[in-house]
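In terms of the numbering used here, the sequence shown is residues 48 to 191. First up is the structure itself, then whatever we jot down about it.
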Amino acid sequence: MTPTAENTREAIEAGVDVIIATADGKVPVVAAGGLVDKRTVRAAFDLGAEGVYAGTAFLATEESPLAENIKQDMLKYDADDLLMFRAPNSLYRSLPGDYNCLLYGMRDGDLSRGIASFGLGISSIHSIDPVSVVVNRLNSGVIA
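The structure is reproduced here in structure tokens:
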């Protein structure tokens, strides 16, 4: 079967457990999920990715607009501690809290009124660093 947006949506609606993305040489594959250091970025490129999308790695930076208590909580938890919340059209992994909205949890640091959503890379984050340090850490997985 030739993958299309339409039959991908049909597969999701039918309850598939996984979607595998491949490139035909015309469309770059960008890897995402758990990319927080040299090892994970190198693995993504070794598996054929042409780029990476790192989200949680940049949330754990000094420049991030996250509430300071949430940044510190990131260092205490790992992926096994995250709870799954279903929202319309989405699933979120969050530090334990009550689901209301991202704003109260992440920006204001109030997990009794909102969630703090992170990816599985949280398990490999052990410090809050400047963005420049995170960029250099990720780039070290690209440079041979």
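Here a beta-carbon is modelled for each residue, glycine too, at the ideal position from N, C-alpha and C.
Check	Outcome
Grouping DSSP H, G and I as helix and E and B as strand, with all else coil, what is G166?	coil
P75 to G95, Cα distance in whole Å?	9 Å
If you draw a straight line from the C-alpha of R89 to the C-alpha of T108, how long is it?	21 Å
Just grab the DSSP bridge partners of V99 for me.	A78
Is D127 near the ligand ADP, with its Cβ less than 6 Å from a heavy atom?	What this structure holds is no ligand at all, so the ligand ADP is not there to describe.
For L129, does the three-state DSSP call read helix, strand or coil?	coil
Looking only at DSSP bridge pairs, what is S141 linked to?	L130 and S164
Given this structure, state the Cα-to-Cα distance separating Y124 from A91, to the nearest angstrom.	24 Å
Using a Cβ-Cβ cutoff of less than 8 Å, which residues in the same chain neighbour D127 once the five nearest sequence positions on both sides are dropped?	S170
So the alpha helix (DSSP H) A91 belongs to, where does it begin and stop?	K85 to D93
Are the CB atoms of A114 and S141 within a distance shorter than 7 Å?	no
Taking a contact to mean a Cβ-Cβ separation below 7 Å, would you say L185 touches G81 in this structure?	no
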